[in-house]
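When you line the sequence shown up against mature numbering (1 follows the signal peptide of the UniProt record, and there is no 0), it's residues -27 to -1, 1 to 301, in that order.
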Amino acid sequence: MLRILKSFLKIFYLIVTICLIVTPSSAGPPSPRIINGTEATVEHAKFQVSIRLKRYDNTFGNGHICGGALVGANKVLTAAHCLYDADKKRYRKAREFVVVMGTLNRYQRVNGTIVSHVKSIAYMNTFSMDTMRDDIGLMFLKTGLPKNKTHLTIAPIALANTSTPAGVSCQVSGWGKTERGSLSPTLRVANVSTISKTVCAISYSNGLYDGMICAGYLLGGTDSCQGDSGGPLVFNNTLIGIVSWGSGCAQPGYPGVYADVRYYNKWITERNSAIIKMPVYSILILTMLISYIFQSVSTDEIYTYICMYIADTIVTFIFFQYSSSWCQ
């Protein structure tokens, strides 16, 4: 009798596992990713920002496309796909964005709300819209937090520098789609549980890469969704993840996938502004001027330097590593 009972339990467990993984919505191409959350309070929102397209935000709040997390006085962490224009297959210019922080209702500009244009953006050249690998990006604001002052409704959040164990309760927040299918006017927050990569890989097969973590519930019901992309996943007042992608929203067997902040911690902290390279002609004029004054650099050396600059600029976009021998 005991053997029969054990066999029955094994079969029952197998059936439940299959039912959790196999759903009517198959795991197709990754989609940008608060279902069944509650309205957030100021404490949930101090580091939360709304990323908007300037041209659509003439009516305050209409331009919202993504969330983000304030990680410095003028530094916002978000998802790389929030910076990318999929229709034009290019990254948007910094001037196309506006960032809003210090408000719970995205349509309301209240006392303490800061609206900032974006000075520059940064992302990893290895990011792919097909795989969502390295889905991490930075925005550097023209108007950040006032220096040497404590803001009542805005404050940066600390970055995770250690791994978060599976099975702990975290909070994800945003103005994204709710269970009613439309973007939320007010910031919402939901509790989700971290899921081990081994378990998550059962759902997403080979779709998980280094730098990705999973959170949600295998039974579904609570999750981040479209419009929450780029927003924060928080554990113990520390930023551990950035909303990246998933199969649908709150689907059974398919938890949300997040960019792992701990994995990218060094990349994030080392960037205090986007690298802006001088045009070639500016370098040429400056180098020749210095050479003329000090008479210490030959013309051949100048040309070699310019050649190396051009090679470096080209490979930045085509992902090669150049050899200085090209310029000799």
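Ideal placement from N, C-alpha and C gives every residue a C-beta, glycine not left out.
Because the structure is a prediction, the values reported are computed rather than measured.
Taking the straight line between their C-alpha atoms, what separation do you get for residue 158 and residue 15? Here the question's residue 158 lines up with position 185 in the sequence shown. Here the question's residue 15 lines up with position 42 in the sequence shown. Just so you know, the alpha carbons of residue 158 and residue 15 end up roughly 15 Å apart.
In angstroms, rounded to a whole number, what distance separates the CA positions of residue 230 and residue 86? Sequence index remark: in the sequence shown, residue 230 carries index 257 (1-based). Sequence index remark: in the sequence shown, residue 86 carries index 113 (1-based). Residue 230 and residue 86: Cα-Cα distance of roughly 30 Å.
C-beta contact flag for residue 233 and residue 184 at 7 Å: The residue given as residue 233 occupies position 260 in the sequence shown. The residue given as residue 184 occupies position 211 in the sequence shown. Result yes, Cβ atoms of residue 233 and residue 184 sit closer than 7 Å.
Could you check how far apart the C-beta atoms of residue 188 and residue 215 are, in whole angstroms? I think they sit under 8 Å. Your numbering for residue 188 matches position 215 in the sequence shown. Your numbering for residue 215 matches position 242 in the sequence shown. Residue 188 to residue 215, Cβ: 11 Å. No contact.
Counting C-beta neighbours from all protein chains within 10 Å, is the total for residue 227 16 or more, i.e. buried, or is it exposed? Here residue 227 is taken as the residue at index 254 of the sequence shown, counted from 1. That one is buried.
So if DSSP puts residue 37 in a beta bridge, which residue, or which two residues, is it bridged to? Taking the sequence shown and counting its residues from 1, one reaches residue 37 at position 64. Paired residues: 25.
Can you tell me the Cα-Cα spacing of residue 146 and residue 204, whole angstroms? For the purposes of this step, residue 146 is taken as the residue at position 173 of the sequence shown. For the purposes of this step, residue 204 is taken as the residue at position 231 of the sequence shown. So the two alpha carbons sit approximately 7 Å from each other.
Quick check on residue 124: buried or exposed, where buried means 16 or more other Cβ atoms within 10 Å of its Cβ? One-based indexing of the sequence shown puts residue 124 at position 151. With fewer than 16 other Cβ atoms within 10 Å, it is exposed.
Among 141, 31, 28, 40, which residue has its Cα nearest to the Cα of residue 161? As a working mapping, residue 161 is identified with position 188 in the sequence shown. Cα-wise, what sits closest to residue 161 is 40.
Just the C-alpha distance for residue 76 and residue 126, rounded to the nearest angstrom, thanks. Mapped onto the sequence shown, residue 76 falls at position 103. Mapped onto the sequence shown, residue 126 falls at position 153. Distance between the alpha carbons of residue 76 and residue 126: 8 Å.
Can you pull the DSSP bridge partners for residue 48? Sequence index remark: in the sequence shown, residue 48 carries index 75 (1-based). Beta bridge pairing from DSSP links residue 48 with 45, 113.
Sheet register partners of residue 214 (DSSP bridge): Residue mapping note: residue 214 aligns to position 241 of the sequence shown, counting from 1. Residue 214 is bridged to 233.
Could you tell me the distance, in whole angstroms, from the CA atom of residue 212 to the CA atom of residue 17? Locating residue 212 in the sequence shown gives position 239, where the first residue counts as 1. Locating residue 17 in the sequence shown gives position 44, where the first residue counts as 1. Each residue's Cα considered, the two are about 12 Å apart.
Cβ separation of residue 89 and residue 122, assumed to be a contact under 8 Å, to the nearest whole Å: Looking up residue 89 in the sequence shown gives position 116. Looking up residue 122 in the sequence shown gives position 149. The Cβ separation is near 16 Å, so there is no contact.
Given residue 244, which residues of its chain have a CB within under 7 Å of its CB, disregarding the five upstream and five downstream residues? Looking up residue 244 in the sequence shown gives position 271. Around residue 244: 95, 111.
Inspect the CB distances between the region 22 to 32 and the region 170 to 180 and report whether three or more fall short of 8 Å. no
Start-to-end residues for the alpha helix (DSSP H) that takes in residue 390: Since the displayed the chain opens at -27 and closes at 301, residue 390 lies outside it and no answer follows.
Assuming contact is defined by CB atoms lying nearer than 7 Å, are residue 324 and residue 83 in contact in what I supplied? The chain is shown only over -27 to 301; residue 324 falls outside these bounds and no answer can be derived.
Does the Cβ of residue 46 have 16 or more other Cβ atoms within 10 Å, making it buried, or fewer, making it exposed? On the sequence shown, position 73 is the one that residue 46 refers to. Residue 46 comes out exposed.
Compute the distance between the beta-carbons of residue 42 and residue 50, then report whether it is under 7 Å. For the purposes of this step, residue 42 is taken as residue 69 along the sequence shown, with counting starting at 1. For the purposes of this step, residue 50 is taken as residue 77 along the sequence shown, with counting starting at 1. Result yes, Cβ atoms of residue 42 and residue 50 sit closer than 7 Å.
Cut-off 7 Å between Cβ atoms - residues of its own chain near residue 30, not counting five sequence neighbours on either side: As a working note, residue 30 is residue 57 in the sequence shown. Excluding positions up to five away in sequence, the list reads 36, 71.
Between the Cα of residue 61 and those of 102, 97, 93, spot the shortest distance and give me the residue it belongs to. Along the sequence shown, read from residue 1 onward, the residue named residue 61 stands at position 88. Comparing Cα positions, the closest option is 102.
Looking only at its own chain, which residues have a Cβ that is under 8 Å from the Cβ of residue 13, when we skip the five neighbours before and after it? Within the sequence shown, the letter at position 40 stands for residue 13. Cβ neighbours of residue 13 beyond the five flanking positions: 21, 77, 146, 159, 160, 161, 162.
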